[in-house]
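Enquirer: Encoded as structure tokens, here's the structure I'll be asking about.
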Amino acid sequence: MKSKNQFKEIILKKEKLLLRCKTNEIREYKYSDLEIIFIKVNKASTIQELGAIALLLLIVRLSLNNLPHDLVLVLPLIIIITLFVRVDLYKSYELNIKLKNGTFLKRKVKPDLLQEEIATINNIRQEIFDCKIRSC
Numbered sequence: 029m030k031s032k033n034q035f036k037e038i039i040l041k042k043e044k045l046l047l048r049c050k051t052n053e054i055r056e057y058k059y060s061d062l063e064i065i066f067i068k069v070n071k072a073s074t075i076q077e078l079g080a081i082a083l084l085l086l087i088v089r090l091s092l093n094n095l096p097h098d099l100v101l102v103l104p105l106i107i108i109i110t111l112f113v114r115v116d117l118y119k120s121y122e123l124n125i126k127l128k129n130g131t132f133l134k135r136k137v138k139p140d141l142l143q144e145e146i147a148t149i150n151n152i153r154q155e156i157f158d159c160k161i162r163s164c
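Heads up, the sequence shown is in our numbering, so the first residue is 29 and it goes up one at a time.
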């Protein structure tokens with residue numbers, strides 16, 4: 029069974045992990061039910077990059093008709109360099125939890141909260157390790 033669920037908050041308890049869903053429903057999972065937990069880095073997709081390049085070409089085309097030739101040479105170059113730097117640096121983060129039954133649980137992570145999420149993942153992994161030692 030491979031289904032994708034989204035949640036908005038993680039609550040750590042002694043023997044279990046509580047996830048608050050988008051509908052404020054709280055789901056409870058034992059640490060022994062977790063298979064893997066990780067953060068995935070998503071870069072800009074190819075469609076987004078192509079869309080940005082098409083937008084730039086449109087701006088260049090319009091500037092050829094309406095701007096003086098001095099600005100025509102400089103403006104598109106500045107816009108293109110800015111866009112390529114922005115597309116290259118764009119990253120989004122996603123916290124993924126895979127259960128042993130094949131269910132994936134996902135949550136978007138803001139870049140400024142990334143270190144906090146890494147600490148939470150480390151705590152969850154420590155609880156999983158402790159549970160394996162205690163044979164939960």
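Just so you know, even glycine gets a beta-carbon here, dropped at the ideal spot from N, CA and C. Note that this is a predicted model, so its numbers are computed, not measured.
What is the DSSP secondary structure of L95, counted as helix, strand or coil?
Expert: To locate residue 95, count along the sequence shown from 1; it is residue 67. Residue state for L95 is assigned as coil, using DSSP reduced to three classes.
Enquirer: Unbroken alpha helix (DSSP H) runs of length 4 or more, entirely within the stretch 58-138: which are they?
Expert: 74-94, 97-117
Enquirer: Identify whether N150 lies in helix, strand or coil by the three-state DSSP scheme.
Expert: Translated into positions along the sequence shown, residue 150 becomes position 122. Three-state result, N150: helix.
Enquirer: Taking F132 as the reference, give the member of E53, F66, K41 with the closest Cα.
Expert: Taking the first residue of the sequence shown as 1, we reach residue 132 at position 104. For the residues E53, F66, K41, the minimum Cα distance to F132 belongs to F66.
Enquirer: From which residue to which residue does the beta strand (DSSP E) around K44 run?
Expert: Locating residue 44 in the sequence shown gives position 16, counting from the first residue. Segment 44-49, the beta strand (DSSP E) holding K44.
Enquirer: With distances taken between CB atoms, is the gap from Y57 to L127 smaller than 8 Å?
Expert: By one-based count along the sequence shown, residue 57 stands at place 29. By one-based count along the sequence shown, residue 127 stands at place 99. Yes.
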